[in-house]
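Q:
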Amino acid sequence: MNASTEEQPSSSFDTVKWAVIFLLLAGAVAGNYVYGEQSVLIRAIAVVVMVGIAGLIALQTEKGRNAAIFAKEARTEVRKVVWPTRQEAVQTTGIVLVVTLLMSLLLWGLDSVLFWLVGLVTGMQV
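So in the working numbering, the last one in the sequence shown is 126, and the numbering has no gaps at all.
(1) Excluding the 5 residues flanking Lys17 on each side, which residues of the same chain have their C-beta closer than 7 Å to its C-beta?
(2) Within its chain, find whatever has a CB closer than 6 Å to the CB of Ala28; leave out the 5 residues flanking it on each side and keep chain order.
(3) So what does DSSP say about Trp83, is it helix, strand or coil?
(4) Please go through the same chain and pick out, in chain order, the residues whose beta-carbon is closer than 7 Å to the beta-carbon of Ser4, but skip the five residues on each side of it.
(5) What is the residue span of the alpha helix (DSSP H) that Gly55 lies within?
(6) Taking C-beta to C-beta, are Pro84 and Thr92 nearer than 9 Å?
(7) Would a C-beta distance cut-off of 9 Å place Tyr35 and Ile42 closer than the cut-off?
(8) Just mark Ala30 as buried or exposed, buried being the case when its beta carbon has 16 or more other beta carbons within 10 Å.
Structure below.
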């Protein structure tokens, strides 16, 4: 897919599909509220089914197809990543913790000195 290709206007049928998706999701929310006295399990299953149907309809739209293609390409790229070993991760975490500790001590010291100087200048001791 090339970014410089001409944009094709979405069909009016896609607009109808998005309206149906919106109605399904709004119905899931409203139904969950209206049937609040029903079992939570039944309501959760109904919401999951309605969201799943809305997702399947969304995949039939142009934007949905583009999102699915993007997700597949992203998954391919994630598989190409060289992940750090456990030792590298532990060492990096240790370095981050030590630097964070040092910076916090530095900022605490600077804050204390500035607090003392302001108290000295203003004559207010706390």
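Glycine included, each C-beta is placed from N, C-alpha and C at the ideal position. Bear in mind the structure is a predicted one, so any value in this text is a computation, not a measurement.
A: Concretely, from the data shown:
(1) Ile57, Gln60 and Thr61
(2) Val47 and Met50
(3) coil
(4) For Ser4, the predicted model reports a pLDDT of 49, less than 50, meaning its position is unreliable and no value from the coordinates is stated.
(5) Val40 to Ala58
(6) yes
(7) yes
(8) exposed
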